[in-house]
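Numbering (this note's numbering), first residue to last: 123 to 255.
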Amino acid sequence: MKTRRFVDANVFIYHLDAHPRFGGAARAILERIHSGEPAVASTLVVSEVCAYLWRLGRRVEIGAFLDALPRLRGLRVEPITLLDMVEGHRLSVTHPSLELNDGISLAVMRRMGLREIYTNDTGFDPVARRVFA
């Protein structure tokens, strides 16, 4: 079985935006997950994507995004816990390259034994193996 990777919010956002530079890589990642490659996102990541769409006034797309998640065959959406939030805060203070939500994502990754993350966010470079292709 392949190594499971965590999926950061920017992968979904680049895909939803058809980003001219990063959309292709994001789409390829999501196609692999759809085909069964094991991956994990958190409820916080899902919330970040929904909040992004909401802020842009793309509220109808939120429902479509949420409906599409269960069809990504390899994706597991992991709930975050209060302990993840506490640890995430600590990690974001300890590693200034991480924003708070990134620290929480790292806490979830560590709790689940994940070392690799699908993201274009270089802030993860000091603490995880970042993959974006």
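Don't be surprised by glycine CBs; every beta carbon is placed ideally from N, CA and C.
Per the C-alpha coordinates, the member of R143, V162 and A131 positioned closest to E238 is V162.
In the DSSP assignment, Y240 is bridged to V129 and V253. Excluding its 5 nearest sequence neighbours in each direction, I226 has C-beta neighbours in its own chain below 7 Å: L166, I202, D206, M207 and G210, listed in chain order.
The residue among E170, G235, L220 and L236 with its C-alpha nearest the C-alpha of D243 is L220. Taking each of A150, V199 and P218 in turn and checking the Cα distance to V133, the smallest one comes out for A150. The alpha-carbon of V215 is positioned some 34 Å away from that of A190.
The shortest C-alpha to C-alpha distance from S169 to any of S157, I135 and R212 is the one to I135. L197 sits in a strand when the DSSP states are folded into three classes.
Apart from sequence neighbours up to five positions away, the residues of its chain that approach M231 with a beta-carbon distance below 7 Å are F128, I239 and A250, ordered along the chain. Take the alpha-carbon of V171 and the one of H156: they are about 18 Å apart. Selection R177, A173 and L152 evaluated against L194 yields L152 as nearest (Cα-Cα).
Per DSSP, the continuous alpha helix (DSSP H) segment holding S169 begins and ends at T165 to R177.
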